[in-house]
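Residue numbers (the working numbering): 7 to 888. We put the beta carbon where it would ideally sit given N, CA and C, even for glycine.
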């Protein structure tokens, strides 16, 4: 993929939401003097070990994180990998059939415009990938763009690309990709559009079943930053009046941001981090579409540092933030979670340094089995040919790349208290059978279906399903013209905690019980599940297709019991309300009769007595209700006390168990050391005794054979001969030592020389390998260019044949007209008609028009010939290089 030329800067008079940036760290931009293009590359990494990765595929918790033997990080090899690439985009959640889509991005000096599909197996331990063929509506190569998934539509907007709009600015088209038919559609909205940009984010919110809206926020173009908020109605994108809407929210607006993250939860947009014109932010902002208001969120806990180019995704009621880089371009691999209910930050404990590698510009995808998938970024992550070697490499060895997964199933144990739910003011949260939570306003009396927490949060609590896109024509079906995207029903049930029940529940009479219908009660309607759907916190295990799981049945039974209790309460309230209405009717009847009586004071007294009776009965009802509530509160208090005592006991047991485990470990270590010492002692003792006995025997024999009193006679001459022989032996030994030293020095020099030659050969081999890799990459690029050139040549030849055919047809037409004109001239001369001049002028004008068309056809033919010749020359040059 060749580098592209970027556009001119955006005019500075585009509105108050644009600010000129200061000198802050950003991707390096340099010029290619050969073709006058600008190339974007990641910022240089700091002086730290950026290539470190562990050797194990799954890492245990560290001792500081209460090691219980579970593993959360995993590395998986992807053979045919689209990576490495930087600042690409991917779908933030898998589809129903475990597919993920990746598009665009940057690597070295190449910007990609391809689309990849990555498929995961059921447990997320292996992946396969394939590249999707491009068509005429495929977005051109781009980097720094934004994407999201909405039903069967993968939406892409913006990015740094060579494509320009009609004003010469960055591409401002919206691209919709059908994940079933693999066709692209480009809507054509009317009116003003948001300026093309990069570093922005988009999110989906459905305000009601008839509207699915796409929100765009932030981004930059060169030194111009944005904080405008724009919305587009996806449910009516094919209508002739579809348009972008530029919002003007109130409140505490965020500064112009780029390289931030934005997620949708609880019908609101949540923005975190990013780069401002002056610095890097770690603030959190929330946008409420219902009020069209921004607010700066005050959070607690272990807040992340200021970062940019990180990745975020929503898991249940948590916003997960991973990676990024700070103001000093120091990369991070830390994982933070923001509880969007309690507004408290939590940091995931580090399991092992370098797992995963610190990175930025990557993507994050939530999978069905409560796992996060980390892909790409500014790291190469090349895999080793050894199937058991999971260390990363800086060079491509033809084995693909590594992907990282993070298991969130044990998150509550790693970060205690992270799943707690502090209620917002005026809101209550209902438990779903699958363990997820969804907020619902306390003022609403309707039971609402729970939105899947793994999919984009929709403002309306009703579950929607998306209309399918027309798979044959490569565009959305006509149903999207007038209908909203509808989402399939999620397999979630709600545990009602309010005393109010949906008014649509059928009632027999105020004392005969309640009939519950699946059509009228969403909690029961959610029980008919489809095998392709998944719950709010985990997906359905497709391996079990017979019957209902026991835990689901228990939750359902508990839920039905709760419904019965609430139905009884509703029955009592209904009877009480009917009684009040009857008393009110009786009071009104008395007033009506009293109005006919002349004694008005008597009627008034009767009315007051009726009101007193009514109020007394109501007071009694309220007292009874208060007593019931107090008894319930007392029971709840007792349960809380019991649970608190149980928690204290459990915490004490956990502490004691931890101490016991530590002592057992120490005891095991001491036992092993003792066993080693005993074994060594057992080996040494017999040998020592044997050696001492042998030495004693030998010494005794020596003393016996050579007594000290008997010395051999010696003479002075013998002593001199002995000394001379000894000196000769010593000189001989010294000479041998010198020769040995010289031989050793000679061998040392030869060894050093051989080492130098070996280092030189290694350097040459590495250089040759690098050249070979460069030649391979050049060969791959040349092959792709040759393929494209061949396609262009075939198209040019077909166009040339078409023009030749048109030229022949025109020539035949001219000859025919000339023949007819000659015949007409002969007839006119014979007749001598007066109208000869007018008729001749008409045919002459027609001939001139045909000549002009013939001339244009010849010009087009000549230009096509020139283009064909240039393409052939280029193809010949590429073949020569190859």
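Beta-bridge pairing of residue i - partner residues as DSSP gives them
{"i": "residue 214", "result": "217"}
{"i": "residue 314", "result": "331"}
{"i": "residue 249", "result": "196"}
{"i": "residue 189", "result": "184"}
{"i": "residue 337", "result": "331"}
{"i": "residue 138", "result": "121"}
{"i": "residue 159", "result": "156 and 184"}
{"i": "residue 89", "result": "DSSP lists no partner for residue 89."}
{"i": "residue 269", "result": "276"}
{"i": "residue 326", "result": "319 and 343"}
{"i": "residue 263", "result": "232"}
{"i": "residue 879", "result": "None; residue 879 has no bridge partner."}
{"i": "residue 388", "result": "399 and 407"}
{"i": "residue 4", "result": "Because residue 4 is not part of the residues shown, which for the chain are 7 to 888, the question remains open."}
Residue j beta carbon less than 8 Å from that of residue i
{"i": "residue 208", "j": "residue 161", "result": "yes"}
{"i": "residue 114", "j": "residue 137", "result": "no"}
{"i": "residue 78", "j": "residue 412", "result": "yes"}
{"i": "residue 320", "j": "residue 378", "result": "no"}
{"i": "residue 279", "j": "residue 330", "result": "yes"}
{"i": "residue 315", "j": "residue 257", "result": "no"}
{"i": "residue 205", "j": "residue 147", "result": "no"}
{"i": "residue 352", "j": "residue 308", "result": "yes"}
{"i": "residue 304", "j": "residue 349", "result": "yes"}
{"i": "residue 249", "j": "residue 195", "result": "yes"}
{"i": "residue 380", "j": "residue 368", "result": "yes"}
{"i": "residue 404", "j": "residue 92", "result": "no"}
{"i": "residue 799", "j": "residue 823", "result": "no"}
{"i": "residue 374", "j": "residue 104", "result": "yes"}
{"i": "residue 152", "j": "residue 182", "result": "no"}
{"i": "residue 616", "j": "residue 592", "result": "yes"}
Three-way DSSP call (helix, strand, coil) for residue i in this model
{"i": "residue 916", "result": "For the chain, the structure presents residues 7 to 888; residue 916 sits outside this window and is missing."}
{"i": "residue 627", "result": "helix"}
{"i": "residue 115", "result": "coil"}
{"i": "residue 296", "result": "coil"}
{"i": "residue 954", "result": "Given that the chain is displayed from residue 7 to residue 888, the structure contains no residue 954 and the question cannot be resolved."}
{"i": "residue 365", "result": "strand"}
{"i": "residue 891", "result": "Only positions 7 to 888 of the chain appear in the structure, and residue 891 is not among them; the question remains open."}
{"i": "residue 396", "result": "coil"}
{"i": "residue 150", "result": "coil"}
{"i": "residue 866", "result": "helix"}
{"i": "residue 612", "result": "helix"}
{"i": "residue 95", "result": "strand"}
{"i": "residue 209", "result": "strand"}
{"i": "residue 243", "result": "coil"}
{"i": "residue 378", "result": "strand"}
{"i": "residue 302", "result": "strand"}
{"i": "residue 874", "result": "helix"}
{"i": "residue 356", "result": "coil"}
{"i": "residue 128", "result": "coil"}
{"i": "residue 110", "result": "coil"}
{"i": "residue 814", "result": "helix"}
{"i": "residue 476", "result": "No answer about residue 476 holds up, because its pLDDT of 38 lies below 50 and its placement is not dependable."}
{"i": "residue 370", "result": "strand"}
{"i": "residue 144", "result": "coil"}
{"i": "residue 257", "result": "strand"}
{"i": "residue 539", "result": "Low per-residue confidence applies at residue 539: pLDDT is 35, beneath 50, and the placement is therefore not dependable enough to give any value."}
With a cut-off of 8 Å, do at least 3 Cβ pairs link the stretch 794-813 to the stretch 856-872?
The stretch 794-813, when compared against the stretch 856-872, does touch it at the 8 Å Cβ threshold.
Quick check: the stretch 232-240 against the stretch 337-350, are at least 3 beta-carbon pairs closer than 8 Å?
no
At least 3 beta-carbon pairs within less than 8 Å: the stretch 126-135 vs the stretch 195-202
no
Counting Cβ pairs closer than 8 Å, one from the stretch 269-279 and one from the stretch 237-256, do we hit at least three?
no
Are the stretch 607-617 and the stretch 632-644 touching by the rule of at least three beta carbon pairs closer than 8 Å?
no
Are three or more beta carbon pairs between the stretch 404-424 and the stretch 380-396 nearer than 8 Å?
yes
Cβ contact (3+ pairs, closer than 8 Å) linking the stretch 360-368 and the stretch 290-305
no
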